[in-house]
Amino acid sequence: MLIVVTIIIILYLLIRFSGSKTTFNLRKEKEAFLQRERQANVTRKKDLSGLNYINIPIDTLPFIATEDSELKAIQNTVKELADKKILNLTGLSNTDLKLEYGTANITFLSQCDGNFTLLAKTLYKWALWLHDHAMENEALSVLEFGIQCNTDVSKHYFLLAEHYIKYNQKEKIKTLIQTAEGIKSLSKDNIIKYLKELQS
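Under this note's numbering, the very last position in the sequence shown is 872; numbers go up by exactly one each time.
Written as structure tokens, this is what we have:
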């Protein structure tokens, strides 16, 4: 009986110690976050002219005269985005952005990042539409531009890799893997894993 009681007491103490340690770690993380946020909120506005803005090559992308409502909407979205500022800020939090570029720039940067997210999704939709309608060269043009923008849309990489395999250009998958290794996205590992499986 004494042994059982002793074991129960030990387990209780271990649980208490573990809980206290977890609470302590959470408190430290919260304090560190708040400290970064306070610092971010007083960071001065910085010049953004030297950032790597994405330019959409309207003259070289495969725009098609069409009455198809889906394709028309896709193409119109890309054309509208061509007149806006676009930045790939994937993986950076608002705190990161404020620390790096100043609090006064956060609204503008968020808009630029939102434009990138819309562009990445729209480019995949465009490439898929072209692929489904047997316009492989046009689809390739859109897909490769998306990769140049460091898109983080998984299916974009997969569709382009499948195109390379279909047209006996499997060696180009290596370049896709290198691009994927540089993106800051939760989808990164899955993209790389899938591409390596296709490559083998």
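Here a beta-carbon is modelled for each residue, glycine too, at the ideal position from N, C-alpha and C.
Can you tell which of the options has its C-alpha closest to the C-alpha of residue i?
i	options	result
LYS868	LYS838, ASP824, ASN840 and TYR829	TYR829
LEU764	GLY786, GLN747 and ILE736	GLY786
GLU739	ILE849, GLN747 and SER872	GLN747
GLU810	ASN727, ASP719, ILE726 and PRO734	PRO734
ALA799	ILE855, THR715, GLU834 and GLN871	GLU834
ILE736	LEU831, ASP719, HIS805 and GLY854	HIS805
LYS793	ASP768, THR823 and SER813	THR823
LYS751	LEU769, THR732 and ASP861	THR732
ALA754	LYS846, SER872, ILE855 and ILE728	ILE728
For residue i and residue j, I'd like the C-alpha separation in whole angstroms.
i	j	result
SER857	LYS757	21 Å
ILE819	LEU759	14 Å
THR779	ASN766	10 Å
ILE864	ASN724	24 Å
TRP801	GLU772	38 Å
PHE726	CYS821	The question names Phe, but residue 726 is Ile in the sequence shown. Their Cα atoms are separated by approximately 7 Å.
ALA852	ASN840	21 Å
LEU790	GLU808	23 Å
ASP719	VAL825	30 Å
ASP768	THR762	11 Å
LEU743	LEU870	30 Å
Which residue marks the beginning of the alpha helix (DSSP H) containing residue i, and which one marks its end?
i	result
ASN862	860 to 871
HIS828	826 to 838
GLN820	808 to 820
HIS803	778 to 804
ASP768	766 to 773
GLU752	741 to 753
LEU848	845 to 853
Measure the beta-carbon distance from residue i to residue j and round it to whole angstroms, keeping in mind my assumption that it falls under 8 Å.
i	j	result
GLY774	LYS842	Not really, about 46 Å apart at Cβ, beyond 8 Å.
LEU848	LEU831	LEU848 to LEU831, Cβ: 11 Å. No contact.
ALA796	LYS827	The identity of residue 796 in the sequence shown is Tyr, whereas the question assumes Ala. The Cβ separation is near 6 Å, so the contact holds.
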